[in-house]
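Enquirer:
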Amino acid sequence: MKYDFKGITTEELSYKLNRINIAPNQRLDIKPQFSRQVRKSNDNPKLCFIALSVKIESTEQEPKPFNINVSIVGVFELEKEAEREEERAFVIEATQLLYPYLRSAVTNLTAQAYISPLNLPVINGPIFPEDRDVYAFAPGDVN
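In terms of my numbering, the sequence shown opens at residue 2 and continues consecutively.
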């Protein structure tokens, strides 16, 4: 399916320092939580908005040195209205296009907070488990 990538904007960038005691050799498991929301314009059914977010939150069971919430939105104009399977494939492709921007925003946010920059992993394939059945990947293709 053909589309135009019209632009990207940030909906939220937040960082909060959590003052927790970390032992010198303690390994932290950051566990970012990703989410995605797809919206269409009421005025133009070919205009599509993909919101991609990542959240890292500290809990009592799993303390983390910071909380982060980053949400970006990509604006896309489809060449034509999509059928269900075409739209699903487009959403997966658009998500893959937006993910490097999300990674960059998280890295920049943590660097500007004067801590070691957090680099989210590079993902070579669908990010969300529900997308993985659309494409067949060899076992080593998805990180």
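By construction, the Cβ of each residue, glycine as well, lies at the ideal position given by its N, Cα and C atoms.
Would DSSP call E78 helix, strand or coil?
Expert: Strand, per DSSP.
Enquirer: Relative to the C-alpha of P130, which residue among T108, T96, P66, L110 is closest?
Expert: Among T108, T96, P66, L110, the Cα nearest to that of P130 is on T96.
Enquirer: Just to confirm the assignment, what range does the beta strand (DSSP E) spanning Q97 have?
Expert: First-last for Q97: 85-113, but that is the alpha helix (DSSP H), not the beta strand (DSSP E).
Enquirer: Can you round the beta-carbon distance between A83 and M2 to whole angstroms, since I take them to be within the 8 angstroms contact cut?
Expert: Sure, about 6 angstroms apart at Cβ, within 8 angstroms.
Enquirer: With three or more C-beta pairs closer than 8 angstroms as the rule, is the region 23-33 touching the region 79-94?
Expert: With a cut-off of 8 angstroms, the region 23-33 and the region 79-94 do not count as touching, because too few Cβ pairs lie within range.
Enquirer: With a 10 Å radius around its C-beta and 16 neighbouring C-beta atoms as the bar for buried, classify Y115 as buried or exposed.
Expert: Looking at its Cβ environment, which holds fewer than 16 other Cβ atoms inside 10 Å, Y115 is exposed.
Enquirer: Look at the alpha carbon of G126 and the alpha carbon of I69, and state the distance between them as a whole number of angstroms.
Expert: Straight-line Cα distance between these residues: approximately 24 angstroms.
Enquirer: Find the nearest neighbour of F77 within the set T11, C49, L14, judged by alpha-carbon distance.
Expert: Minimum Cα distance to F77 is reached at C49.
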